[in-house]
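Have a look at the structure below before the remarks.
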């Protein structure tokens with residue numbers, strides 16, 4: 077009964093499935109989904125074990141497991157919607173609502189997404205179905221090879237929904253478990269074969285039976301897994317393409333031809349950058365100084381450390397080619413308003429997103445594409461706009477005007493078209509208030525204006541106290557233990573982060589000061605070449621906007637200069653007459669030139685050494701990859717023949733006498749001739765072998781003489797007195813091999829050179845030695861334990 081239940085196989089199938097599923101943890105902010113999914117899968121496996129013990133029929137066992145999945149799902153997630161424990165209409169409706177919630181999470185959030193109740197239910201269903209499929213195929217139907225398909229599906233759930241490569245063990249663990257399942261089935265099938273091979277002590281077959289089969293299979297499996305890892309590391313990858321509009325779409329998901337989309341939520345623990353460096357759009361502009369292009373405005377901050385887009389209404393429908401109404405009245409300050417044009421030649425941004433300068437006054441869209449402008453200034457399109465153009469204005473107030481921007485003649489003045497900020501623009505992370513207050517008291521003088529406070533905050537974050545890095549640092553307490561802090565406090569404590577952290581810190585400090593602030597997502601201006609700017613995924617950027625009357629929302633740039641856009645000309649502390657640029661106590665880094673591409677800003681090297689290594693790797697020309705591939709391929713071709721030569725050299729060095737070295741030369745001759753198709757039977761005497769090789773190898777008189785000398789030397793080494801002088805027959809060996817090779821076709825000669833038997837044997841011996849290390853260590857440990865003194869019983 078126990079054997080029919082196949083308990084070890086069922087447990088191995090469960091472990092293999094979870095090994096393929098565990099990388100899912102990178103897609104969600106918490107592990108709340110693990111416990112219910114694990115409980116459901118354990119129930120499914122247990123029902124399968126009991127079912128196989130009770131009946132040999134297969135489909136009833138699978139049906140019982142499906143019923144167990146439904147029961148576990150109902151008991152875990154649908155309590156209160158059941159009729160006497162059965163999920164009828166109300167339960168089905170509740171399940172549908174939860175699955176719809178999961179779907180909206182997938183299409184709304186970027187990984188890592190929140191593990192809400194809907195996602196937990198959906199993951200329980202998906203993981204339960206995968207475990208059921210693997211258990212049914214590998215255990216019930218005894219087809220573990222087919223079980224690799226659902227395991228691959230489980231692996232692809234993560235691989236196709238994350239913008240970052242998975243760790244090597246995320247592939248090795250499920251692959252190893254699947255190979256173990258296949259191996260168990262193969263050995264079990266082989267044990268049922270009839271054999272004439274004598275058994276060893278304990279009833280095990282000899283070296284040509286199961287042991288040899290298992291060893292060869294193990295070597296092939298390990299070589300296959302290692303080769304898969306090496307090939308994946310060596311071969312250059314195209315840009316990632318995802319199976320659907322899922323969690324992986326955010327800023328990482330696309331090659332040069334697919335759609336690209338920035339998430340409309342911003343997680344402070346995840347970088348905004350796209351590591352594949354794919355081109356997102358190309359555009360032209362008449363403006364001499366270019367600011368970042370805007371995609372979305374995020375004003376709502378959540379307690380779990382995310383910025384969300386809070387759409388406000390009423391929305392304004394934009395008519396293509398017509399002036400956009402409701403913009404600020406710019407007639408008062410004509411000298412501070414620059415009018416420019418822009419034209420996008422190709423854009424991969426998917427709807428509803430569109431990259432635009434701020435304050436677009438006219439937008440020309442392709443036919444059939446509609447647009448809507450929201451009160452926060454962002455514009456959505458109904459369909460993907462691959463090419464579009466328009467006009468826009470840039471308002472540049474002076475620092476003196478901003479000094480008095482909040483109060484004019486004793487009361488704030490609102491310019492027509494400037495919408496006052498909502499209360500959400502003053503929300504502060506409550507857990508960081510004390511830290512924010514302390515920093516403001518340190519960096520902002522008590523009598524400073526709001527504008528002076530904003531500049532002081534910007535300069536503080538751009539100072540040498542902070543470090544730009546895509547890798548966040550874990551804070552430690554006074555005792556060196558990890559300290560759990562909210563995202564804002566974490567950055568202010570470690571002072572290490574990327575653009576999201578710098579922008580969020582300025583927003584929170586400004587809000588704590590009482591200045592409305594919000595987050596903007598978009599792209600840096602990109603690199604300029606022949607009048608065309610190219611924006612790549614790695615140009616994705618986040619920056620803060622602060623509200624100053626009567627100008628509205630103004631951009632600031634707290635991210636350090638090597639990875640940010642240009643600091644706006646107004647975002648500098650005004651210098652008093654006669655003070656000079658060097659006398660300010662809060663010195664700032666020099667303003668960057670706006671037309672220098674972000675990768676070649678002053679303070680960075682032309683080689684872009686400040687960029688992550690994976691981005692620098694993708695910049696390597698394809699020709700270099702081809703040469704590198706050819707070089708690695710050439711080295712790979714040499715592995716087997718070089719291994720054979722090293723094996724021969726070791727055997728010669730290990731020979732204790734001249735006679736031993738002669739035997740090595742003879743063995744080398746028979747191996748090399750076997751590679752050429754002349755396999756000498758081991759039962760032949762040297763003279764018989766000479767005649768056999770001369771006939772099969774079609775030897776000429778000169779090579780026959782070399783063969784005769786070699787056989788005579790071998791006989792002398794075997795039968796002559798120990799003091800007899802022996803000559804090294806290496807030249808005769810080479811002569812005979814060359815003569816036999818001359819009579820063979822070129823494919824056989826090529827195979828003999830590239831894949832010699834001695835080289836293959838050397839590699840096999842090395843792999844067997846590596847695989848035997850754990851076995852020997854275990855045996856040694858057992859011996860040590862067995863030799864330990866034991867207490868005698870009284």
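In this note's numbering, the protein residues as written are 77 to 870.
Idealized CB from N, CA, C, for every residue including glycine.
All values reported here derive from a predicted model rather than from experimental measurement.
By alpha-carbon distance to residue 624, the top candidate from 635, 719, 539, 501 is 501. By the Cβ neighbour-count rule, residue 627 is buried, with 16 or more other Cβ atoms within 10 Å of its own. Distance from the CA of residue 397 to the CA of residue 444, rounded to the nearest whole angstrom, comes to 13 Å. The alpha carbon of residue 579 has as its nearest neighbour, out of 523, 636, 603, 557, the alpha carbon of 636.
Secondary structure at residue 257: helix, using DSSP grouped into helix, strand and coil.
Between residue 812 and residue 788, the C-beta spacing is not below 8 Å. The beta carbon of residue 120 lies closer than 8 Å to those of 141, 144, 145, 148, 204, 207, 208, 211 in the same chain, with the five residues before and after it left out. DSSP, reduced to helix, strand and coil, places residue 648 outside both helices and strands of the structure shown, so it counts as coil. As for any alpha helix (DSSP H) of minimum length 4 sitting wholly inside the region 528-598, the runs are 563-570, 575-589, ordered along the chain. Counting C-beta atoms within 10 angstroms of its own C-beta, residue 723 has 16 or more neighbours from the protein chains shown and is therefore classed as buried.
In the DSSP assignment, residue 437 falls within the beta strand (DSSP E) that extends over 436-440. The region 535-549 and the region 577-595 touch, with three or more beta-carbon pairs separated by less than 8 Å.
The beta carbon of residue 222 sits closer than 6 Å to those of 213, all from its chain and outside the five residues before and after it, given in chain order. Separation of residue 137 and residue 115 (C-alpha to C-alpha, rounded to the nearest whole angstrom) is 19 Å. A direct Cα-to-Cα measurement between residue 128 and residue 177 gives close to 37 Å.
The three-state reading of DSSP puts residue 358 in strand, counting E and B together. Assignment of residue 153 by DSSP, reduced to helix, strand and coil, places it in the helix class. Going by DSSP, residue 417 is part of the beta strand (DSSP E) stretching over 413-423. Rounded to whole angstroms, the Cβ separation of residue 103 and residue 189 is 6 Å, and the two are in contact under 8 Å. C-alpha of residue 566 to C-alpha of residue 583: approximately 15 Å in a straight line.
Residue pairing by DSSP places residue 456 opposite 448 in a beta bridge. Here the alpha carbons of residue 256 and residue 622 stand approximately 60 Å from one another. In this structure, residue 113 lies away from residue 231, with their beta-carbon atoms at least 8 Å apart.
Contact between residue 820 and residue 752 holds, since their C-beta atoms are separated by about 5 Å, short of 8 Å. Residue 617 is classed as buried because its beta carbon has at least 16 other beta carbons within 10 Å across all chains shown.
Per DSSP, residue 779 is not a residue of any beta strand (DSSP E); the alpha helix (DSSP H) it occupies stretches across 777-795. A residue is called buried when at least 16 other Cβ atoms come within 10 angstroms of its Cβ; residue 155 does not meet this threshold and is exposed.
For residue 609, DSSP records a beta bridge to 359, 604. In the DSSP assignment, residue 394 falls outside any alpha helix (DSSP H) and within the unbroken beta strand (DSSP E) covering 392-394. CA-CA distance, residue 568 to residue 851, rounds to 51 Å. Judged by their CB atoms, residue 599 and residue 369 are nearer to each other than the 8 Å cut-off. The region 709-722 and the region 834-842 touch, with no fewer than 3 CB-CB distances between them shorter than 8 Å.
Beta-carbon to beta-carbon, residue 435 and residue 469 are separated by about 5 Å, close enough to satisfy the 8 Å threshold.
Residue 538 sits away from residue 571, with the two beta carbons spaced by 8 Å or more. Straight across, the Cα-Cα distance linking residue 83 with residue 226 is about 20 Å.
Assigned with DSSP and collapsed to three states, residue 616 falls in strand.
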